[in-house]
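See structure below.
Numbering (UniProt numbering), first residue to last: 1 to 236.
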């Protein structure tokens with residue numbers, strides 16, 4: 001069991017368990033009004049936090065303790081997402097580190113889910129870096145995956161910024177253009193049919209990605225094959 005906020009009194013935990021002496025009611029699903037006893041009732045709607053998750057979190061909030069040893073890895077990851085939703089920054093950081101130190105093999109086995117989900121919550125830099133460390137060594141893990149075209153711009157840029165990505169720069173540019181096209185499915189499939197507006201559309205989509213391509217590393221053949229047809233995307 002890990003204990004947070006050591007200086008907090010255990011009386012807070014007793015308060016959580018006391019059905020009489022309380023001043024806050026939190027209802028997980030149903031909307032409830034303020035009552036006549038001036039008890040502030042908080043309604044948590046539009047959330048994916050389960051009752052099981054919330055029970056763990058509320059004990060952490062009151063008692064500053066959490067025990068993960070008997071929890072499945074998938075439950076711990078869901079707990080991480082729920083903690084981020086509730087803006088429990090210290091717990092979010094702790095859970096990310098815990099998973100990487102103790103359950104890295106599970107993270108790798110569930111890489112696709114972990115990677116995509118990590119960009120859906122705010123404070124996931126630790127998990128994101130863990131995933132990017134895998135991607136730079138095994139680029140096909142992401143670039144040849146079925147969900148590559150659906151990753152976010154932030155995720156793609158975080159990969160492009162890495163100096164140790166083990167992939168030819170010409171190939172990286174090719175993947176980036178594929179990603180941009182996927183974001184604009186109405187673009188003609190034959191580039192010979194593209195108008196100036198088509199190029200401007202793709203340029204706008206890729207404006208955050210293109211500056212991170214290392215053009216000086218692209219071979220002469222790739223310049224002709226992969227850059228020349230899309231030269232309108234690039235600044236002079």
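Just so it is clear, CB atoms sit at the ideal spot from N, CA and C, and this is done for glycine as well.
In the DSSP assignment, residue 133 falls within the alpha helix (DSSP H) that extends over 125–137. Going by DSSP, residue 68 is part of no alpha helix (DSSP H) at all; its letter is neither H nor E. If you compare the alpha carbons of 137, 94, 141 with that of residue 116, the shortest gap goes to 141. Judged by beta-carbon spacing, residue 57 lies within the 8 Å limit of residue 82, meaning their Cβ atoms are closer than that value.
For residue 143, the secondary structure class from DSSP, reduced to helix, strand or coil, is helix. In the three-state scheme derived from DSSP, where H, G and I count as helix and E and B as strand, residue 115 is classed as helix. Inter-segment contact for the segment 143–154 and the segment 114–132 is present: three or more beta-carbon pairs are separated by less than 8 Å. Note on geometry: alpha-carbon atoms of residue 103 and residue 91 lie some 17 Å from one another. For residue 214, same chain residues with a beta-carbon under 6 Å away, outside a window of 5 residues either side, are 169 in chain order.
Contact annotation: the segment 59–67 does not touch the segment 105–113, with fewer than three C-beta pairs closer than 8 Å. Contact between the segment 184–202 and the segment 153–166 is absent: fewer than 3 CB-CB pairs across the two stretches fall below 8 Å. Looking at the backbone, the Cα of residue 37 and that of residue 85 are separated by about 29 Å. Per DSSP, the continuous alpha helix (DSSP H) segment holding residue 158 begins and ends at 153–160. Runs of beta strand (DSSP E) with 3 or more residues, each lying fully within the segment 178–231, are absent. In the three-state DSSP reduction, residue 78 falls in the helix class (H, G or I). Using a 10 angstroms sphere on the CB of residue 180, the tally of other CB atoms reaches 16 or more, which defines it as buried.
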